[in-house]
Amino acid sequence: MSSLPKLEFNKLQKRLRRFTGQAIEDYKMIEEGDRIMVCLSGGKDSYTMLDILMNLQKSAPVKFELVAVNMDQKQPGYPEEVLPNYLDTLGIEYYIVNKDTYSIVKQKIPEGKTTCGLCSRLRRGTLYAFAEEIGATKIALGHHKDDIVQTLFLNMFYGSRLSGMPPKLLSDDKRNIVIRPLAYCRESDIEAFSAHKGFPIIPCNLCGSQENLQRQNIRKMLMDWEKADGSRIEKIFSSMQNIAPSQMADASLFDFASLTIDRSGDRKEYGFDSTQTVDVGGVPSAHNDKIELVQIN
Numbered sequence: 001m002s003s004l005p006k007l008e009f010n011k012l013q014k015r016l017r018r019f020t021g022q023a024i025e026d027y028k029m030i031e032e033g034d035r036i037m038v039c040l041s042g043g044k045d046s047y048t049m050l051d052i053l054m055n056l057q058k059s060a061p062v063k064f065e066l067v068a069v070n071m072d073q074k075q076p077g078y079p080e081e082v083l084p085n086y087l088d089t090l091g092i093e094y095y096i097v098n099k100d101t102y103s104i105v106k107q108k109i110p111e112g113k114t115t116c117g118l119c120s121r122l123r124r125g126t127l128y129a130f131a132e133e134i135g136a137t138k139i140a141l142g143h144h145k146d147d148i149v150q151t152l153f154l155n156m157f158y159g160s161r162l163s164g165m166p167p168k169l170l171s172d173d174k175r176n177i178v179i180r181p182l183a184y185c186r187e188s189d190i191e192a193f194s195a196h197k198g199f200p201i202i203p204c205n206l207c208g209s210q211e212n213l214q215r216q217n218i219r220k221m222l223m224d225w226e227k228a229d230g231s232r233i234e235k236i237f238s239s240m241q242n243i244a245p246s247q248m249a250d251a252s253l254f255d256f257a258s259l260t261i262d263r264s265g266d267r268k269e270y271g272f273d274s275t276q277t278v279d280v281g282g283v284p285s286a287h288n289d290k291i292e293l294v295q296i297n
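Residue 161 in the working numbering is what sits at position 161 of the sequence shown, and the numbering runs on without skipping anything.
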């Protein structure tokens, strides 16, 4: 547990609550009567998300329920008592979904290869189905601003597509809505908050010491960028909220093929006042009667 001074911790907590509340408002993440399934992995992000949401619930202008859900994937050595013991102290409704996806992942993925992709898909499918079983109207995940920016570059560098991790998402089958209330929060703040609160962190040991090297490479790149410009990730995230399809190259998002010029009416004056002359070579065309020409000898 960290020893943040009380005043500093209060500022940190207020900042996280403010950013979370703003993200919820901007994307209409939570509405009156919602039953929010808060997915807990046992990591700093999901613990922080639950803590912040429980506090916001007390003062929110709308009434909503929170249900904590953890998925026990049956990894060897997984401390299955940690989360129930912690959640019992909160007095919140919770469920532990027991499903042996560990064996499936180990069977399907060759030794030494990254297991995160398959593990994530299996976990997502299970949680989507369980959300329907308990009548949850939204599924809350603990991804933060750093995760979202990292995913943007992961998809660009390794997937050749410009896509990220939206703050609010309708699943492909349209049966679930995923929200990311920490979308405006920085990982460094979450890490400091979690350390101060002393959450019982459960490391993901499905892969042993294996790391998702692609994400680690992206994370290091962004950290290096931030050393040169401390607002770099903030600027990148802001750009994700300010997309101009006509300035990109996706013909499915913007109709480049049908672009036509329209010179009807008078042209607006450009924003400068400067005299110009035009040098012309070759044979002057019929259009040159409107141009002040200087003939090149």
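Glycine included, C-beta positions come from ideal geometry on N, C-alpha and C.
Just so you know, the alpha carbons of residue 8 and residue 214 end up roughly 35 Å apart. Counting along the chain, residue 223 sits inside the alpha helix (DSSP H) bounded by residues 213-228. In this structure residue 144 is in contact with residue 45, their Cβ atoms being roughly 6 Å apart against a cut-off of 8 Å. Put simply, the backbone Cα of residue 151 is about 17 Å away from that of residue 188. In this chain, the beta strand (DSSP E) harbouring residue 65 covers 65-72. When secondary structure is reduced to three states using DSSP, residue 4 falls in the coil class, being assigned neither helix nor strand. Checking the DSSP bridge columns, you'll see residue 168 partnered with 179. Taking 8 Å as the cut-off, the beta carbon of residue 35 is found closer than this to the beta carbon of residue 67. Beyond the five residues adjoining it in sequence on each side, residue 126 comes within less than 8 Å, by CB distance, of 71, 97, 99 and 101 in the same chain, given in chain order. The residue among 23, 162, 42 and 128 with its C-alpha nearest the C-alpha of residue 181 is 23. Take residue 254, set aside five residues on each side of it, and the residues of its chain with a beta-carbon closer than 8 Å to its own are 245, 246 and 248, in chain order. In this structure, the straight-line span from the alpha carbon of residue 282 to that of residue 276 is close to 20 Å.
The three-state secondary structure of residue 98, taken from DSSP, is strand. Here DSSP, grouped into helix, strand and coil, assigns residue 139 to strand.
Per DSSP, the continuous beta strand (DSSP E) segment holding residue 40 begins and ends at 35-40. For residue 279, the enclosing beta strand (DSSP E) begins and ends at 278-280. When secondary structure is reduced to three states using DSSP, residue 49 falls in the helix class.
In this structure, residue 30 and residue 64 form a Cβ contact; the two beta carbons are roughly 5 Å apart against a cut-off of 8 Å. Distance between residue 170 and residue 137, taken at the CA atoms: about 11 Å. Looking only at 105, 135 and 49, the smallest Cα-Cα distance to residue 121 is reached by 105. DSSP places residue 259 outside any alpha helix (DSSP H), giving it a letter other than H or E. In the DSSP assignment, residue 150 falls within the unbroken alpha helix (DSSP H) covering 145-159. Distance from the CA of residue 103 to the CA of residue 258, rounded to the nearest whole angstrom, comes to 53 Å.
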